[in-house]
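All remarks here apply to the structure that follows.
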Amino acid sequence: MNFIIKVLSIGSLVLLCISPFSFAAETSGDQPWQIRGRSESMLQWQEVAGTSDGGLDEGTTWRQELSLNLSKNLEKGRTGLDLRGRATNDEQVDQRDARLLFLHGYWQQDKVNFEFGDVAGSYNPLVLSTSVKGLKFGYMTGERDHGMTYTLIGGVQKPSWEELYDNTSDDSVDRYIGGFNSAWTHAPAQSIGATFSYIKDDSASTVTDPAEAKTAGLDWQWRFNRYVTFKGETAFTHSDLDTKDSQSADDAWALKLRLLTKPLPRSVRSNFMYERLAPDYKPVVASASSDRERIENDTEWMINRQVKLRTTLKYSHDNLDNQLTDTLTTRDGVVYLTYRPDWLKRSDIGVRAQFKRDSGRGTNRNMQVGAVDFNLRPKSGWRYGTSWIFTHINDNATSGEDQKINTLRGTLGWKKRLADNHLIRATLRLDGNFINRDSGDRESLGGQLDFGYDAGNLWSTDLLASTKNSYNDIAADNSYIDYQLRANYHPGEDRSKAIRLTAERREYASDDTASPDYHEHIAKIAYLVNF
Amino acid sequence: MKLNHAVKLCLLLILVCFFSTTGFCASSYDRELIVQDKTRAMQVEGVFKELMAAYEDEDAQGFLDLVSDERFRQDYMTFTDALYSDFRNYEIRQVDYWIDRVVPDHVKQFLYVRWEKRYENLDDGQQLTTTGFSRFLFDEVDGDYLLIELAGNNLFGGSLQEWRDEVPQISGQEAVQSSADAVCDAQNLGLCDGANCSSNGGYWYDNSCHQAPYTPSPVCDPSHLSLCNEANCSSSGNGYWYNDTCNSTPQTQPDLVVRVVDMMFSSSDGTVYYEVENLGDADAAACQVEATYTEMSGAPASASDSVAPLAVGEVRSGSLYLPNYYYTGGGDATITIDSTNVVSETNETNNTDSF
Chain B
9 MNFIIKVLSI GSLVLLCISP FSFAAETSGD QPWQIRGRSE SMLQWQEVAG
59 TSDGGLDEGT TWRQELSLNL SKNLEKGRTG LDLRGRATND EQVDQRDARL
109 LFLHGYWQQD KVNFEFGDVA GSYNPLVLST SVKGLKFGYM TGERDHGMTY
159 TLIGGVQKPS WEELYDNTSD DSVDRYIGGF NSAWTHAPAQ SIGATFSYIK
209 DDSASTVTDP AEAKTAGLDW QWRFNRYVTF KGETAFTHSD LDTKDSQSAD
259 DAWALKLRLL TKPLPRSVRS NFMYERLAPD YKPVVASASS DRERIENDTE
309 WMINRQVKLR TTLKYSHDNL DNQLTDTLTT RDGVVYLTYR PDWLKRSDIG
359 VRAQFKRDSG RGTNRNMQVG AVDFNLRPKS GWRYGTSWIF THINDNATSG
409 EDQKINTLRG TLGWKKRLAD NHLIRATLRL DGNFINRDSG DRESLGGQLD
459 FGYDAGNLWS TDLLASTKNS YNDIAADNSY IDYQLRANYH PGEDRSKAIR
509 LTAERREYAS DDTASPDYHE HIAKIAYLVN F
Chain A
32 MKLNHAVKLC LLLILVCFFS TTGFCASSYD RELIVQDKTR AMQVEGVFKE
82 LMAAYEDEDA QGFLDLVSDE RFRQDYMTFT DALYSDFRNY EIRQVDYWID
132 RVVPDHVKQF LYVRWEKRYE NLDDGQQLTT TGFSRFLFDE VDGDYLLIEL
182 AGNNLFGGSL QEWRDEVPQI SGQEAVQSSA DAVCDAQNLG LCDGANCSSN
232 GGYWYDNSCH QAPYTPSPVC DPSHLSLCNE ANCSSSGNGY WYNDTCNSTP
282 QTQPDLVVRV VDMMFSSSDG TVYYEVENLG DADAAACQVE ATYTEMSGAP
332 ASASDSVAPL AVGEVRSGSL YLPNYYYTGG GDATITIDST NVVSETNETN
382 NTDSF
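If you read the sequences in order, they're chains B and A.
My numbering applies: residue 9 is where the first sequence begins, and numbers increase by one.
My numbering applies: residue 32 is where the second sequence begins, and numbers increase by one.
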């Protein structure tokens, strides 16, 4: 009850925010409010049997999800509110009976936009890339292809709404985030942006060490001509991952540069990347790993219309300040060759070779991977596919061991279109995996048969059976079998509505008596409707 | 109580705003349900579903067709490597997932998903179940949504340490895995074996995976004298055993020497004058000096005196009165210091002199 009251309270705030905008819009247009959404109602029955249930859930569960999008066109923009909620008694999905998953309100005009609820900022990845429960305000001057944009975002980062209000369910830290981004676009593919973010955790947190970080950075992309484009991101951070300890905050730099070149347009492109992230670079809410220097090249050469060659080269290492006992270095090179022969239409042959070496800090490993695949899809409806991946790992580390892995896969498919848009299809896939190593070999063989029928827009069904048997020298032999029946029915041939039926049996058996063998039966029926 | 009033006020405001909005709007609320084209959120959910299908099928190329190498915000090569590593190290049984929300940032969309992955670790044949909460960022490229960033628990590529280091944490992700669900990784080195220990940043020795590099267990040798005992201190450690420990340097000890410097005798007695010197490199404790001689009756006799503690290099003079001493020409009487060995000395052979 308490939760419902709180949701209603949030709703009141939302409506309070929306109302002024809607009033303002009324003078300029007669656009009606529109509501659209999606509902999914599901009932599931699950039974688990065997020597051990392996921690699997069983019983009858239900789930109801509802997404609502309320929107209205304004004279020069749009306003609306998006909501998504879920109720279930399935603890595998959610520990709570009901939950507001998503709330997002927006008011957009030609030059200004305002958002509240779940708002996101994906700016300079070294500075700020996250979503928060809060507010976002954007303003633009000039045109989209030539002008300035300013965005302000702020709020608290929480995995769910009720944790914002319900202290009893609070299992995450209160992380307050503020960010500002301004970007200047001179022309398409010519822009410079500046981003600032401030993160502060609630110091009373007992869940994790409270962090605080101030980060500022620039990002840019500049297309000089058809041959050269220069992209980059740089950032400076002043961060402290534990404000409670006696250690002071660290200052650190990060830099990522990319040079995109097309020395022979339509034939070759070659991209270079240099990245250096200092050991103390910890911006907390950005996509960056600290203590790494990396140099890469990615070159693609369209030799002719049948053959394409791509090579990627990478060198990276850590321990930039020599504070670790040793430096972990990675050298990686991959060559891809794709061949689509004129003499065999609708086919492709792919070759991939990888050479990788990791060394330092207890690691001393060379790996070579070779892969070949072939696919042919003639107009007759047949489909043939085969692939072979060979991996050789030469591990010279203490107690490491060499491995040779062969993975083989073959696919045979057939489909036939019948009258009235009916379609029948079948696919057989066989695969094998063979690992040779000193400590014990492993072989596994598997197969999958999939049979389907589509009756136009009215209904479709799939029958699938798959199995995999593993024979291990270092572990117990085991087998896994999965049978599935899936059916879709669209009432009145309206594909915005669907009744879905799924029945599945999964069997896992192992020679190891301590292993959790199980037989699992699952039946689901769901009703989905988009409106 | 004040909170309740606030809540009631909010509810009242809802009603006021709702009815006023409805009343004043020329375009009143349209109750007719309208089927719309796919929203961006639905498009992103559809792409994510295709990603999951490709991952379950271990179809690396099909998966990477849904990833933008041009706009990928982390290291695309490392992610590619991690994906192939997953397919090499794991037998993916199935992945159940439940999408929480899709949060827009203009065209880009953050998708949050909770998942449970069942798979077999091919290194050791162990059946594993991992749960997590992850965030994926999608961007529109030529009309199609493609994956450009990953965060949170590692649904894809978790078998490669280098990639795990790339992935930022998010609020609400599974912080601690139960031991039953945990897999070999940098945080769970105890679950690693010889084949995957080093690739997860550990060091394999003593039949288990350790965080620190292998250092042989020390034994008694000149570098580890503290591990020596009395029996092997000298032989294995080239050390010196004293004070119940093995030491790298000899123990500093006194070395007492006694010398007869003069004597006087009469027909019925005698007196011997001696000096005691500490030649060692440590102070000596107090001890006794004793003279043994033959009386006129032929019976053996002795006389003794105490010697106070002697500092290093100190010389102490003294005399002993010998009653009934019978001088026979010299050499048949002795004077001995510390005959009871209360002082440990470097040289016990110079503790006697004759007169």
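Ideal Cβ placement from N, Cα and C applies to all residues, glycine included.
Per DSSP, reduced to three states, the secondary structure at A/Y86 is helical. For the options A/S299, A/D106, A/C264, A/L351, the alpha carbon positioned closest to that of A/I179 is the one of A/D106.
A distance below 7 Å between beta-carbons, with the five flanking residues on each side excluded, links A/E171 to the following residues of its chain, in chain order: V138. Boundaries of the beta strand (DSSP E) around A/T325: 318–325. In chain order, A221, K222, T223, A257, D258, D259 place their CB closer than 8 Å to the CB of B/H246, counting only its own chain and leaving out the 5 sequence neighbours on each side. In the DSSP annotation of this structure, B/L172 is not part of any beta strand (DSSP E); the continuous alpha helix (DSSP H) holding it starts and ends at 170–173.
Boundaries of the beta strand (DSSP E) around B/G163: 154–165.
When secondary structure is reduced to three states using DSSP, B/A427 falls in the helix class.
Non-local C-beta neighbours of B/V120 in its own chain, meaning closer than 6 Å and more than five positions away in sequence, comprise Y147, ordered along the chain. Comparing C-alpha distances from B/I185 to each of B/T237, B/D481, B/S139 shows the shortest one belongs to B/S139. Close CB contacts of B/I397 within its chain, under the 6 Å cut and outside five residues either way in sequence, are with A379, T415 (chain order).
Boundaries of the alpha helix (DSSP H) harbouring A/N120: 107–120, taken from the DSSP string. Within the segment 127–139 of chain A, those residues whose Cβ lies closer than 7 Å to any Cβ of chain B are, in chain order, W129, D131, R132, V134, P135, D136, K139.
A/F118 is a Cβ neighbour of A/E89, given a cutoff of 8 Å.
Shown here for A/N227: same chain residues with a beta carbon closer than 6 Å to its own, the five before and five after excluded, namely D154, C215 in chain order.
Close to A/G203, with beta-carbon spacing below 8 Å, are these residues of chain B in chain order: K166, P167, S168, S180. Between B/F238 and B/G225, the gap from beta carbon to beta carbon reaches 8 Å or more. Nearest C-alpha to B/Q165 among B/N429, B/Y158, B/W53, B/V181: B/V181.
For A/W194, the secondary structure class from DSSP, reduced to helix, strand or coil, is helix. In the structure shown, the three-state DSSP call for A/Q157 is strand. The beta carbon of B/H498 sits no closer than 8 Å to any beta carbon of chain A.
With respect to B/L143, B/F124 sits close: the two C-beta atoms are nearer than 8 Å. Proximity of A/M83 to chain B, defined by a Cβ-Cβ separation below 8 Å, is not satisfied. A Cβ-Cβ contact shorter than 8 Å links B/L136 with B/A294. Taking all protein chains in view, the Cβ of B/E151 is surrounded by fewer than 16 other Cβ atoms within 10 Å, so the residue is classified as exposed. Residue state for A/E76 is assigned as helix, using DSSP reduced to three classes.
Using a Cβ-Cβ cut-off of 8 Å, B/Q72 does not count as an interface residue toward chain A, since no Cβ of chain A sits closer than that to its own. With 16 or more neighbouring CB atoms inside 10 Å of its own CB, B/T399 falls in the buried class. Within its own chain, the residues whose Cβ lies closer than 6 Å to the Cβ of B/L76, once the five positions on either side in sequence are excluded, are G45, L91, listed in chain order. Distance from the CA atom of A/G174 to the CA atom of B/P218, rounded to whole angstroms, is 41 Å. Taking 8 Å as the threshold, the shortest C-beta distance from A/L168 to chain B falls below it. By the criterion of a C-beta distance shorter than 8 Å, A/L97 is surrounded in its chain by V78, E81, L82, A85, L177, L178, once the five residues flanking it on both sides are discounted.
If the five residues before and after B/A473 are omitted, its C-beta is found closer than 6 Å to the C-beta atoms of L457, Y491, all from its own chain and listed in chain order.
By the 16-neighbour rule on beta-carbons within 10 angstroms, B/V236 is exposed.
At least 8 Å separates the CB of B/R348 from every CB of chain A. Residue-level contact by beta carbon holds for B/L109 and chain A, with a gap shorter than 8 Å.
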